[in-house]
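Read the structure below first, then the notes.
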Amino acid sequence: MLNSLYSSLGLLLIAMFSIQFGASFAKQLFPLAGAAGATALRVFISALILSVVAKIWKHKISKKEILPVAAYGISLGAMNLLFYFSLERIPLGIAVAVEFVGPLSVALFASKKSWDILWVALAGVGIYMLLPVASSSESLDGLGVFLALAAGFFWALYIVFGKKISKATGSLQTTSWGMWFAALVTVPAGFIFNGEQILDPSLLPMGLGIALLSSAIPYSLEMKAMTNIPTKTFGILMSMEPVVAIFAGFVMLNESLTLTQSFAVGCIIIASAGSTATAK
């Protein structure tokens, strides 16, 4: 049981690095395909890849599964679309930090022990310190922050619905069907905002890379991890996302950390480690 927990934690960590480096690559695609176009390419190609790998045609969704899988997929699609829109306006690390309000809320509502409140509080302090406040907030785009918050709301729903379907099936086929529901959200948006751009065949190789890094690989790993990680622990562990995002931003986008941001990262790491140590 303990080995299963640690294996799942490892899968979750790999998924987070994959997502954030994929987001860094995606941001470089925005001038060519736009935020909505990049999201559409990412999700659609991911759905195709997962469908082939999982042999989706061998697993038909039952009437009982349709609603939770649809809710999971729609939440996933909306989360990605809104997050990419926010990336057009604010830095990657800040966008992820603001978006974290979603999974932090999941962790708080699922908490039943006093220790969990401490880890949530510590993670919250770290997230707050990562947010631009005082004079630095003047350089932030207000709409970008709002879009990141909206993405966080759907991130919370993604965790809740993902946990439900992972308990029911926990299969790669389920993730594949969820990705197609996500495509129902992102592909129309891609054509509405960036129709001609996303039809450019020269974008497909980069779209394939982003799809693998940002969707196909991490969401499959997360679905597997969800089967062994409690909801509250999963939610708090997602506090690592801003840390990974800042690192990816530093490596790929030349973003650097201030002393305050470094201290905030330390708070988040302690909260994540603490939640893991006290998890049953």
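Numbering (numbering that gives the first Met the number 0), first residue to last: 0 to 279. Yeah, the Cβ is synthetic: ideal placement off N, Cα and C, and Gly gets one too.
| said: Please state the DSSP three-state secondary structure of L198. | reply: On the sequence shown, residue 198 is found 199 positions in, with the first residue counted as 1. Of the three classes helix, strand and coil, the one that applies to L198 here is coil, per DSSP.
| message | Here's the rule: buried if 16 or more other CB atoms are within 10 angstroms of the residue's CB, otherwise exposed. What is P241? | response | Within the sequence shown, the letter at position 242 stands for residue 241. By the beta-carbon neighbour count (other beta carbons within 10 angstroms, threshold 16), P241 is buried.
| For the 8 Å Cβ check, are there 3 or more pairs between the segment 12–30 and the segment 180–200? | Short answer: they don't touch.
| field | Residue from P200, A210, L91, Q196 with nearest C-alpha to A181 | value | Position 182 of the sequence shown, counted from the first residue, corresponds to residue 181. Cα-wise, what sits closest to A181 is A210.
| message | Less than 8 Å between C-beta atoms, sequence neighbours within five positions excluded: which residues of the same chain meet that for L212? | response | Taking the first residue of the sequence shown as 1, we reach residue 212 at position 213. Within the same chain, S17, I18, F20, G21, F24 come within 8 Å of L212 by CB-CB distance, once the 5 residues on both sides are set aside.
| Between the segment 189–204 and the segment 149–156, do three or more beta carbon pairs fall short of 8 Å? | Of all C-beta pairs linking the segment 189–204 to the segment 149–156, fewer than three are shorter than 8 Å, placing the two stretches out of contact.
| field | Alpha-carbon to alpha-carbon, P229 and A133 | value | Position 134 of the sequence shown, counting from 1, holds the residue named residue 133. Position 230 of the sequence shown, counting from 1, holds the residue named residue 229. In this prediction, A133 scores a pLDDT of 44, lower than 50, which makes its location untrustworthy; the coordinate-derived value is nonetheless stated afterwards. A133 and P229: Cα-Cα distance of roughly 37 Å.
| task | Find the nearest neighbour of F108 within the set A53, L80, A155, G76, judged by alpha-carbon distance. | result | As a working note, residue 108 is residue 109 in the sequence shown. Nearest Cα to F108 within the set A53, L80, A155, G76: A155.
| query | So what's F152 in DSSP terms, helix, strand or just coil? | reply | As a first step, residue 152 must be located in the sequence shown, where it is residue number 153. The answer is helix: DSSP assigns F152 an H, G or I state.
| request: Write down the C-beta distance between S214 and M178 rounded to the nearest angstrom, noting that I regard them as a contact closer than 8 Å. | output: On the sequence shown, position 215 is the one that residue 214 refers to. On the sequence shown, position 179 is the one that residue 178 refers to. Rounded to whole angstroms, the Cβ separation of S214 and M178 is 7 Å, and the two are in contact under 8 Å.
| request: Return the CA-CA distance between K57 and L91, expressed in angstroms with no decimal places. | output: Counting from one through the sequence shown, the residue named residue 57 turns up at place 58. Counting from one through the sequence shown, the residue named residue 91 turns up at place 92. CA-to-CA, the gap between K57 and L91 works out to about 38 Å.
| message | Using CA atoms only, rank isn't needed, just tell me which of Y71, S50, I116, A247 is closest to S271. | response | Counting from 1 along the sequence shown, the entry for residue 271 is found at position 272. Among Y71, S50, I116, A247, the Cα nearest to that of S271 is on I116.
| said: Within the continuous alpha helix (DSSP H) that includes A215, where are the two ends? | reply: Taking the sequence shown and counting its residues from 1, one reaches residue 215 at position 216. Where A215 is concerned, there is no enclosing alpha helix (DSSP H), given that its DSSP letter is neither H nor E.
| task | Give a yes or no on whether the C-beta atoms belonging to L80 and T38 are separated by under 8 Å. | result | The count along the sequence shown starts at 1 and reaches residue 80 at position 81. The count along the sequence shown starts at 1 and reaches residue 38 at position 39. Closer than 8 Å, so yes.
| Thinking C-beta only, is A34 closer than 8 Å to S175? | Position 176 of the sequence shown, counting from 1, holds the residue named residue 175. Position 35 of the sequence shown, counting from 1, holds the residue named residue 34. Not closer than 8 Å, so no.
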